[in-house]
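Data first, discussion second: the structure below is written as structure tokens.
And the structure:
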């Protein structure tokens, strides 16, 4: 694996974060959404755009916003003008990848303060339905002619997981219930369903069995941003920097029909890389709070297992026992996750990083987990069941 | 900092209906491509037209690739050759779709899944196998929901030769083989 | 062995529906009313086009538009004679970048002129039926 | 920590690669690069892979899905940069300098021949509110606006453009992969497309893939005896709104160059740089970029060009390869095309008419409607 040389010259911290509202339709242009988030992150860090050396932009497919070369287009709103600006991309996993790429901008010694911005506007692809755009992520020759719906692939993975681990839909629905309730404490949240029950999930519209409407996160417009700084700068900017302790990511083979979908091996490898860098050998004990990617409810379970926060097939048990509740022993997605806060693809991943930042600083207010937290993790997932990105942060 | 809930006052102007000027940009016909299929998929598609499912193999690791590629993803070397796999196999995972690609409700749900294909003289575990996504026909909703379909034997139902175009849709579906 | 060499792909999305943001929407509504406006940054006092809810110069919020005199100056132009594939166009079209005095940026638009020149003063030719698009100006013509 | 190039491989550079898919082109370019890097095994020796591509060029949403397998990156750390190949080099440079990575592979591929509606796709990158409704029939018109603004301001004439075109085709004639090079090509008799640009001023498109292996000074000798060092890599985006960018001068190229020179400790580029490979996808761009890179005073490139300073064998040869005018534009591969040619010249694999091969500067721009440039400084 990677990271043969662990002698970094520069420690990197997160010193500010910003979010827009997440809503199904926002009037702002993608550039303006990026600006809203970037500006809030700068304000929170007490910086202005002049203080920023470099900008990293993340966004999932250009087909959502309907702008080719979207990094170029977003640069202005993301503050990336007259500056080195780059757009990185690993599908749905992009949101967590943005601060990973921003990490080496700082760790290389070439940038001192970096603005990392992620944006997605799904509502542009209004006709016939934003869902339709997902068709173009399939293999154009061997898959797309079958006229697929993206939910198919999730349903296939979910069903395989249920089959291999003997998990019931009731247990999976608990994740949706937890996250859609958690989201009520989040000022950006698109959904807040304080009274939702497992029964509501199980009675919601069946889309692609075993996936039902409330198993899925809503489609959203939104943006998120964080400011990263070198150790010296971070100490100057704030008394409470949150350090990036580990980064990791992996892409599995493109050919997802050639492998078992029951376990996300690519997330395991990505976590292994991040843990090694962070010096973590027992994640279940050493990670205090985590935001695994939850565009679908089963994905939270799947990813907990990939991250080593649960043993294989154990995540549903932990969920049932309440371990993953906000006041539990291992709070998972205290933000409300994508299921509750919303899913503007890349921005949703970066929202998770922001949540860990606020949790570790004790600034999550209504969402603050009960136990003291020192080390947190955010993870995202993307492509054809293929990409895993992991970041470990600590105070 | 107690009492503070971040993010502070997140912004955005939500709307339900665009009752203000917007630019509606028709895309129909504006993003058209003609993919070069290349060596691997070009031959695979020609095989489908002839009613055959073709794969490639790597002699070093023993893997068989369907859909085929000309390189081994795991050994990073050119594959060693082609072989014909059976047009039958077992269902690895399957689901029942009640919606279309545009998210419209379907009149009748359709089953889709991943089929692990049989290759004479070779065995594959669950971790890597030649496999295709396709429609599964002859499965009742209950077969899918109960997961009885997992592990079921299926066989390709081909379109008549004159209707084949060299596409994955030359196979109509994989049909459940009743014992 | 024969091969199928090509496989067609068409992005069949019917249409994107782009919103212009809170300030851009006001701007489009002004165009619909036959008025040309520019965004005004309260921090640096600059007027700029095209309008956005942020100032590209100092990253401050922009809420206000101010009407500008609809007389611009051609900064650069080109006479498009052929299409992208090299086929001659039925009608040559003059595309220009037009600046407005005291306004940063400007507009890219068509100019109707036999002999366009840099420095030429132009004014918008408004369409009778307007929808709230930059094309509510049919073209610019010599002022 | 110094970062070097351990191997380079390319494939294609044909107007239409008919027999291979983009994935197969990636594989072939990667095989060649790894062979060039002393038989490096991507499954064992490489820490991370970066692929430079854009969704709408590929006709696939989330096209990074297809990045891992053809370069040996399945189940490894692979990601995509939506930008020019040199931006990938810049990322790899940072990654290695961070100390976390020792060997990073950079890849870019392009198959413009697969796109039927290229003009529409290019215009898809323009602002949906201020430009898209104009339905500009030819994306090159946006470059023509820049051309006129530059030529008007600095007194550049069509004869000066003629000199650029002529030089590109003559130089390209000696570059085996420059498929469009045609030494007799006359600019003045080629048709006007969007004046002042004629057909001969506009580079054609080409299918290509390039793979580059970068390594830290700690391990690079395991892969090559002749490393070419990346001593500076920087990029800049001027602004997203074309209306607000400088129509007469590529400010982004100047900003990128200044950053890269500062890293490489180059204070007088016109003296210290031995040769340059710059973006000339439009003829006037070569003059602009030479000036932006401080290889000539602003406004003076036209005269130095006329004097032969930038010709093969001249004082500071620019585009010994012929550049994009001769090789074609392979979308985001363009910067890596410039870089791979320069590396071959610096290592002596290509016998080029250049006296000083020790320091080269490489530049790429992303084409209309972008305002992003990347500059890399190479040293033997």
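Residue numbers (my numbering), protein chains in the order written: chain A, 1 to 395; chain B, 1 to 179; chain C, 1 to 143; chain D, 1 to 380.
Just so it is clear, CB atoms sit at the ideal spot from N, CA and C, and this is done for glycine as well.
Source: prediction; values computed, not measured.
So with Cβ pairs under 8 Å, would you call residue i a contact of chain D?
| i | result |
| --- | --- |
| residue 70(B) | yes |
| residue 79(C) | yes |
| residue 73(B) | yes |
| residue 76(B) | yes |
Does residue i come out as helix, strand or coil in the three-state DSSP assignment?
| i | result |
| --- | --- |
| residue 19(A) | strand |
| residue 116(B) | strand |
| residue 393(A) | strand |
| residue 3(A) | Here residue 3(A) scores only 41 on pLDDT, less than 50, and its place in the model is too uncertain to base an answer on. |
| residue 101(D) | coil |
| residue 356(D) | coil |
| residue 37(B) | coil |
| residue 26(C) | helix |
| residue 144(A) | helix |
| residue 169(D) | helix |
| residue 133(B) | strand |
| residue 345(A) | helix |
| residue 314(A) | coil |
| residue 8(B) | coil |
| residue 195(D) | strand |
| residue 84(C) | coil |
For chain B, check one thing: does any of its Cβ atoms lie closer than 8 Å to the Cβ of residue i?
| i | result |
| --- | --- |
| residue 9(C) | yes |
| residue 395(A) | no |
| residue 229(A) | no |
| residue 385(A) | no |
| residue 69(C) | no |
Near residue i, what residues of its chain come up, given a Cβ to Cβ distance below 7 Å and the 5 sequence neighbours on each side ignored?
| i | result |
| --- | --- |
| residue 143(D) | 197, 282, 368 |
| residue 74(D) | 68 |
| residue 33(D) | 7, 8, 9, 211, 212, 213 |
| residue 16(B) | none |
Starting from the C-beta of residue i, find all residues in its chain whose C-beta is less than 8 Å away, skip the five residues before and the five after it, and write them out in chain order.
| i | result |
| --- | --- |
| residue 60(D) | 66 |
| residue 95(B) | 111, 112, 113, 144 |
Got a sec: is the Cβ-Cβ distance from residue i to anything in chain C below 8 Å?
| i | result |
| --- | --- |
| residue 152(A) | no |
| residue 255(D) | no |
| residue 66(A) | yes |
Leaving aside the five residues before and after residue i along the sequence, list all residues of the same chain whose C-beta is less than 6 Å from its C-beta, in chain order.
| i | result |
| --- | --- |
| residue 4(A) | With a pLDDT of 41 at residue 4(A), under the threshold of 50, the modelled position of this residue cannot be trusted; read the value that follows with caution. Within the same chain, residue 4(A) has no close Cβ partners at all. |
| residue 2(A) | Because the pLDDT at residue 2(A) is just 41, under 50, the model does not fix this residue reliably, and the value given afterwards should be weighed accordingly. The answer, listed in chain order, is 273. |
| residue 113(D) | 16, 207 |
| residue 63(D) | 53, 55 |
| residue 164(D) | 283, 286 |
| residue 262(A) | 160, 161, 164 |
For residue i, decide whether its Cβ has a neighbour in chain A, counting only Cβ atoms nearer than 8 Å.
| i | result |
| --- | --- |
| residue 131(B) | yes |
| residue 103(B) | yes |
Kindly say whether residue i, judged by its beta-carbon, lies nearer than 8 Å to any beta-carbon of chain E.
| i | result |
| --- | --- |
| residue 19(C) | The structure shown contains no chain E; the protein chains it does contain are A, B, C and D. |
How about the segment 224-239 of chain A and the segment 39-49 of chain B: do they share at least three Cβ pairs that are nearer than 8 Å? no
Which residues, taken in chain order from the segment 188-205 of chain A, show a beta carbon closer than 7 Å to some beta carbon of chain B? 188
Validate contact between the segment 215-231 of chain D and the segment 34-49 of chain D using beta carbons, cut 8 Å, 3 pairs: yes
Any C-beta of chain D within less than 8 Å: which residues of the segment 2-33 of chain B qualify? 23, 25, 29, 30, 31, 32, 33
Across the segment 377-395 of chain A and the segment 259-275 of chain A, are there enough close Cβ pairs to call them in contact, namely three or more that are closer than 8 Å? yes
Does the segment 55-70 of chain A touch the segment 114-130 of chain A, meaning 3 or more C-beta pairs lie closer than 8 Å? yes
Please determine if the segment 263-281 of chain D and the segment 290-303 of chain D are in contact, where contact requires at least 3 C-beta pairs separated by less than 8 Å. yes
With 7 Å as the limit, tell me which residues of the segment 14-36 of chain A have their beta carbon closer than that to any beta carbon of chain C; keep them in chain order. 27, 28, 29, 31, 32, 35
Meets three-Cβ-pair contact criterion under 8 Å: the segment 236-256 of chain D and the segment 68-76 of chain A: yes
Taking three-plus beta-carbon pairs below 8 Å as touching, is the segment 91-111 of chain A in contact with the segment 41-57 of chain A? yes
Which of the residues in the segment 23-48 of chain C, read from start to end, lie with their CB under 9 Å from any CB of chain A? 23, 24, 25
Taking 8 Å as the threshold, find out whether the segment 162-170 of chain A comes into contact with the segment 313-328 of chain A through three or more Cβ pairs. yes
Pairing CB atoms from the segment 6-26 of chain C with CB atoms from the segment 128-144 of chain A, are three or more of them under 8 Å? yes
Given 8 Å, three or more beta-carbon pairs between the segment 64-77 of chain B and the segment 13-32 of chain C: no
Mind checking the segment 345-374 of chain A against chain B and listing, in chain order, the residues whose C-beta falls within less than 8 Å of any C-beta there? 354, 358, 361, 362, 363, 364, 365, 366, 367
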